[in-house]
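Protein chains: 2
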Amino acid sequence: MEKSVSCDTVESMDKVAPGANVNRAIDAVRALLGDNRVSTAASVREQHGKDQTWNVGAAPDAVAFALSTDDVQAIVKICADEKVPVIAYGTGTSLEGHFSAPKGGICIDVSGMNNILEVNPEDQDCRVQAGVTRKTLNTALRDQGLFFPIDPGADASLGGMAATRASGTNAVRYGTMRENVMGLTVVMADGKVIRTGTRARKSSAGYDLTRLFVGSEGTLGIITEVQLKLYGIPEGIAAGICSFPSVEACCRTTIETIQLGIPVARIELLDAELVKALNAYSKLDMPVGPTLFVEFHGTPAGVAEQSQMFGEIAQGNGGSAINWATQEEDRAKLWQARHDAFWATKSLMPGKEALATDVCVPISRLAECVVETQKDLAEHNIYGPIVGHVGDGNFHVTLYCNRDDPEELKHVKGAYGRMIDRALAMGGTCTGEHGIGAGKRDYLLKEHGEAVGVMRALKLALDPDNLMNPGKNAGP
Amino acid sequence: MEKSVSCDTVESMDKVAPGANVNRAIDAVRALLGDNRVSTAASVREQHGKDQTWNVGAAPDAVAFALSTDDVQAIVKICADEKVPVIAYGTGTSLEGHFSAPKGGICIDVSGMNNILEVNPEDQDCRVQAGVTRKTLNTALRDQGLFFPIDPGADASLGGMAATRASGTNAVRYGTMRENVMGLTVVMADGKVIRTGTRARKSSAGYDLTRLFVGSEGTLGIITEVQLKLYGIPEGIAAGICSFPSVEACCRTTIETIQLGIPVARIELLDAELVKALNAYSKLDMPVGPTLFVEFHGTPAGVAEQSQMFGEIAQGNGGSAINWATQEEDRAKLWQARHDAFWATKSLMPGKEALATDVCVPISRLAECVVETQKDLAEHNIYGPIVGHVGDGNFHVTLYCNRDDPEELKHVKGAYGRMIDRALAMGGTCTGEHGIGAGKRDYLLKEHGEAVGVMRALKLALDPDNLMNPGKNAGP
Chain U
1 MEKSVSCDTV ESMDKVAPGA NVNRAIDAVR ALLGDNRVST AASVREQHGK DQTWNVGAAP
61 DAVAFALSTD DVQAIVKICA DEKVPVIAYG TGTSLEGHFS APKGGICIDV SGMNNILEVN
121 PEDQDCRVQA GVTRKTLNTA LRDQGLFFPI DPGADASLGG MAATRASGTN AVRYGTMREN
181 VMGLTVVMAD GKVIRTGTRA RKSSAGYDLT RLFVGSEGTL GIITEVQLKL YGIPEGIAAG
241 ICSFPSVEAC CRTTIETIQL GIPVARIELL DAELVKALNA YSKLDMPVGP TLFVEFHGTP
301 AGVAEQSQMF GEIAQGNGGS AINWATQEED RAKLWQARHD AFWATKSLMP GKEALATDVC
361 VPISRLAECV VETQKDLAEH NIYGPIVGHV GDGNFHVTLY CNRDDPEELK HVKGAYGRMI
421 DRALAMGGTC TGEHGIGAGK RDYLLKEHGE AVGVMRALKL ALDPDNLMNP GKNAGP
Chain H
477 MEKSVSCDTV ESMDKVAPGA NVNRAIDAVR ALLGDNRVST AASVREQHGK DQTWNVGAAP
537 DAVAFALSTD DVQAIVKICA DEKVPVIAYG TGTSLEGHFS APKGGICIDV SGMNNILEVN
597 PEDQDCRVQA GVTRKTLNTA LRDQGLFFPI DPGADASLGG MAATRASGTN AVRYGTMREN
657 VMGLTVVMAD GKVIRTGTRA RKSSAGYDLT RLFVGSEGTL GIITEVQLKL YGIPEGIAAG
717 ICSFPSVEAC CRTTIETIQL GIPVARIELL DAELVKALNA YSKLDMPVGP TLFVEFHGTP
777 AGVAEQSQMF GEIAQGNGGS AINWATQEED RAKLWQARHD AFWATKSLMP GKEALATDVC
837 VPISRLAECV VETQKDLAEH NIYGPIVGHV GDGNFHVTLY CNRDDPEELK HVKGAYGRMI
897 DRALAMGGTC TGEHGIGAGK RDYLLKEHGE AVGVMRALKL ALDPDNLMNP GKNAGP
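Protein chains in written order, with our numbering: chain U, 1 to 476; chain H, 477 to 952.
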C-alpha cells in the first residue's frame, strides 16, 4: 500500500501526443469493428471528451462504438496489449469530467448496447446492457406494472449510473444505485470478463465486488451489463408543493417526517433563487420562497394518511397550504420542472460555464449547511441556486462563471471550495451523487485521507498499468 | 491478477507449530496489554478456535483481549512485524469456521470493546465499538424510540455482523448489514487505521470501502468501530402465524405480498419438521405443516390495512385463519421461538454436530428449491428441518451428523452439496447470510469463478503476507 497519494486535478494533467502504440491500437480496433464503428473525427472525439460543465475536457484519440460485451472485451484486450488508455462513455451526462481523456486513448461508446436482456416480474429484477437509459427501461417496464426508481436529472445510461453511483429524487425511499444494482458484467483491465452477484437478493459469498465497481467510474473495469432491482408501480401516488418561511422550516419538516416513519418517496428542497428560475423556465407560478416538492407512494388509503400526516407537520413548521398534483400529467409536469432545474438556471446565465456540484451532510446539519452556503454566496455576490434531496441531506448548487476570466474563476472556485469544506466539517461528503471524476480529486483526499491509499492499492491491483480511465477518482 | 485460484478447505490446511516469531509476538502483546489481557490457556484458545458447528476448529496460539482501536492497532503492528496471523473474534457465533486459526497466530477478542460511542436521534444513526451486541444496542436505544433491525439468530457483536454481512428476519424490509452499515473504522494489515464512509447518508466519493469490508470476514482488516443506520420503532406492529397446505402456497403468498407492494417487515417460512421441533422446544401448539410467521410495521391504520391485505392473499392460497399476536409479549414469544430454531432442532439430535447452512435463490425459484431439497433429504433419510427468510429467497437447513463416522459424514455432505448446487443452478448463491469462512470456500469458487481471482488480487493488495484471518473467504 502506498504511504501517501496525491490526486492530480485534470488541469495539471498534460495530454500526451498519441504514439505508435495508439495508432496500432486504433488500426486493430478498426479491423475488429469495421470503419463505421470507429471514429477519429475531431468533432466526435471532442464530443466524447468534454461534458456540459466547466471541467476542461480532453478528447480521446478515437471513439469505438461497441455493441456487445465481446466487443468491449476485444477492444480492452487490444488496449492492454498496446498499453493504451480506455475510457467508457454512455450518454455523456456526468458532471465531473468523468470521460475526459487527459492521457488520450480509446473511448468506448456503449450507447449502442441498448438491449433489455431479461425482465423477471416475479423476482422484480431485470438485466440490461450498459447503454440502456433509465427512461427507455421505464417505458419498457410500464406494461408490467414495474419501474426502476433511480432518476438523476439526465436520461442517463444505466451502466453510467452504476459507474458513478448515481441517485436522484427517489433515493430517500428506494436508495441509490448502491442499493439497487444486484450484479454487473465487467470487462477487467486484462480483458477478463467477470459477473459479480447472482440473481439472489442477498448473499454473503465473498467480497462485494458489485459495490466495489458501483461508483468506480470506469477506473477498475468497464461495466457492460447491469442487473437491477425493480419495484411495483404504486397503486396510489400523491405529489405536492408546499412553500415555507425559511430553509430551516423545510429541513425541520423533513426531519420530523422521517422521524415519524412516514415513508416519503421524494422530498426535494428548492431555494427561492431556484423557484424563480423554474417559474421563468417552466412557466410556473410558484410563490417565491423556500419550497418542498414531496411525493408519497402506497395504497390509496396509505397515501392519504401519509399526505395528511405530512400536511400537519408542514403546518406546524409554518408551511403553506399544499398544492397537490393528483393527476398523472400534473405530477409529470411537477417532476419535469424539478428535473429541468439545471437548464432553468443555465438559461439565466448565457455564455457562462456551469459548475454543477453537490455535497451531502447529516440531515441534522443540513439547514445550517444550506443557510451558510447561501450567506457565503450572497456576501461574495455569486449566483448559486440550491436544490436538495433533503431527505438524504444532499443538496446541489449550480455556480456559473466565465472560465477564461482567471479572477472570476478564482472568485467562484473560492465559494465552491468553502462549501465542500463546510460539508466535510459537518461530517458530510464532498459529493452525494455526482462523483469524483477529474474534478473533485483534491476533495477525495481531504475527505478520506489514508483511505485513499487503500483505494489506490485496489486500483493498482486490478489495473497495474493504469489504463482504465486514468486520472479519475482514486486512480493515478 | 492470478490466472486461477484454488481455495483450500479447512480440512486440508495443516496447523504449523508456533515458531520463535509467534512467541516473540505473544511476549510483545503481553508487554502491551499486561498478563491479564493475554491468554495462552488451552481452554481459552480452544474456545476461541472452534464454533458451534461441525467445522473442525483450530486454536490460535494466544488470545488477546482488546479494549480499543489503539489496542487492536498495536497488536496488528506487532503481528505484522513478526509475520504472525491475526484473527478477530466477537461473540464466536458465526457458523462456517470463521475464527478458526489453521495457521495459528493471535486471536484478538473484541468483546470488551462494548461502548456505544454516539447516538444521533435526528439523523437516525449511531457509532459503536465492534464488540457491542445487537441486543445491547437495542436495549440502549429503546428509550429514544429507535431500533437497529438486523437480527441474526444469535446476539452477535455488531463488528462480527458487519464482518460476515449478517442479516436475519427483518432483511426483507430493512436490508442486511450491507445496507445498514454507514461506515467503519478498520485496522489494516500494516497497522494503518482508516475510517470508511462519513455521517452522510449517501456519497459518490471514491470506491465503496465500507461495502468491501462488510462481508470480508476479517481477511482484509479488523473492524473496530461500526457506524449504523437506525430506525424509529414503529407505532403499530402486528405479528401473526398462518399455516398452509404446502411450501408452494407459502412461497406464492410471499411473492404476491411483495408484488402488491405490501411492505412486510418479516416473512418467515417454517417447514413441518421445524414446526414440530419448535412445538417441542418452545412449548407451542402450532398446527404441524408449512407455516409463515409474518410481521407488519407502520401506523396503526397502515398495519391494519397490510394485515388485512396479507390475510386475503393467504386465504387465496389456502392459508389458515391467522393467529395474530397483538401484545408485545406475545410477539416477543413468537420471535424468540423463531430465533430458537437452531437450538430446537439441535435438542432433538443429542451428540450430533450441527451443519447449519443456508442458500438464497430468486424468489420465483424458492418453492422449487425448498421442495426438491426436502425430497432429497427424505430420499436419503436425513433429518433437515428448514426455515427461511422467504421474502429474500433465503432459507436455512440444519443437518446433523457424527463427524467421526466417515460414512455418515459423506452421506450428509452429499445432501449439503446437492442443495448448494441446486441453488447455484437456479441463479442463487451458496450462502445468503452465514458467509464463506473456512467451510464454503469450494462453493465460493463454484459460484463466482473468475471473479474469485479478482477478490484474491484485492486481498493480496491489502494483505500481501496473508496475515489477516488466513484460510478464509477468498484469501489464500
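Idealized CB from N, CA, C, for every residue including glycine.
Just list the residues that DSSP pairs residue i with in beta bridges.
i	result
U:Y400	U:A354
H:L622	H:G708
H:I698	H:V663
H:F871	H:V835 and H:G864
U:H297	U:I237
H:I585	Here the sequence assigns Asp to residue 585 of chain H, which means Ile is not the residue at that position. Looking at the DSSP assignment, H:D585 forms a beta bridge with H:F541 and H:Y565.
U:V181	U:L228
H:C602	H:V595 and H:L704
H:S515	H:V539
U:S157	U:T133
U:R266	U:E295
Can you give me the Cβ contacts of residue i inside the same chain, cut-off strictly under 7 Å, excluding the 5 residues immediately before and after it?
i	result
U:S111	G90, T91, G131 and S157
U:P385	D271, E273, L274, A277, T345 and T398
U:Y416	L355, T357 and L399
U:M1	The predicted position of U:M1 is uncertain, since its pLDDT is 36 and thus under 50; no value can be drawn from it.
U:K352	Y400, C401 and N402
Following a CB-centred definition, is residue i positioned closer than 7 Å to any heavy atom of the ligand ADP?
i	result
U:G414	Looking at this structure, you won't find the ligand ADP or any other ligand, since it has none at all.
When the Cα of residue i is compared with those of the options, which residue comes out closest?
i	options	result
U:F296	U:L284, U:K346 and U:G240	U:G240
U:G34	U:G57, U:L67 and U:K50	U:L67
U:A367	U:G384, U:F395 and U:I382	U:F395
U:M455	H:M895, H:A854, H:R671 and H:R807	H:R671
H:K759	H:K809, H:T674, H:G827 and H:K705	H:K809
H:K948	H:A933, H:R917 and H:L921	H:R917
H:N614	H:L696, H:L706 and H:L853	H:L706
U:V193	H:L704, H:W811, H:Y859 and H:A927	H:A927
U:E82	U:I26, U:H98 and U:N279	U:I26
U:A341	U:T136, U:T169 and U:E122	U:T169
U:T500	H:P776, H:V770, H:Q782 and H:F769	With chain U running from 1 to 476 in the structure shown, residue 500 of chain U is simply not present.
U:K410	U:V387, U:I382, U:G388 and U:L424	U:I382
H:V847	H:K611, H:T529, H:C726 and H:G533	H:C726
H:S570	H:T612, H:P597 and H:D631	H:D631
U:N481	U:A438, U:F310, U:K375 and U:L228	Nothing can be reported for residue 481 of chain U, as the shown portion of chain U is limited to 1 through 476.
U:F293	U:V264, U:T219 and U:P406	U:V264
Suppose the cutoff is 6 Å on Cβ atoms and the five residues either side in sequence are ignored; what does the same chain contact list for residue i look like?
i	result
U:P287	S243
H:G795	C718 and F720
H:V520	V539
H:T849	M895
U:V76	V86, V187 and G191
H:R506	V514
H:L508	A550
Near residue i, what residues of its chain come up, given a Cβ to Cβ distance below 8 Å and the 5 sequence neighbours on each side ignored?
i	result
U:S4	With a pLDDT of 42 at U:S4, under the threshold of 50, the modelled position of this residue cannot be trusted, and the question is left open.
U:T431	E96, T357, D358, V359, C360, K440 and Y443
H:Q523	G568
Does the distance from the CB of residue i to the CB of residue j come in under 8 Å?
i	j	result
U:G159	U:V226	yes
H:A714	H:Y757	no
H:R814	H:E744	yes
U:E433	U:T176	yes
U:E256	U:I322	no
H:A676	U:P362	yes
U:D392	U:V172	yes
U:S364	H:D599	yes
H:D537	H:P578	no
H:K437	H:L900	Nothing about residue 437 of chain H can be reported from this structure: the residues present for chain H run from 477 to 952 only.
U:A163	U:I223	yes
U:E248	U:G437	no
Are there three or more Cβ pairs, one per stretch, closer than 8 Å when the stretch 680-690 of chain H is compared with the stretch 651-661 of chain H?
Counting Cβ pairs under 8 Å, three or more are found: they touch.
Using 8 Å as the threshold, is the stretch 936-944 of chain H in touch with the stretch 877-895 of chain H, meaning 3 or more CB pairs across them?
Contact fails: fewer than three Cβ-Cβ distances are below 8 Å.
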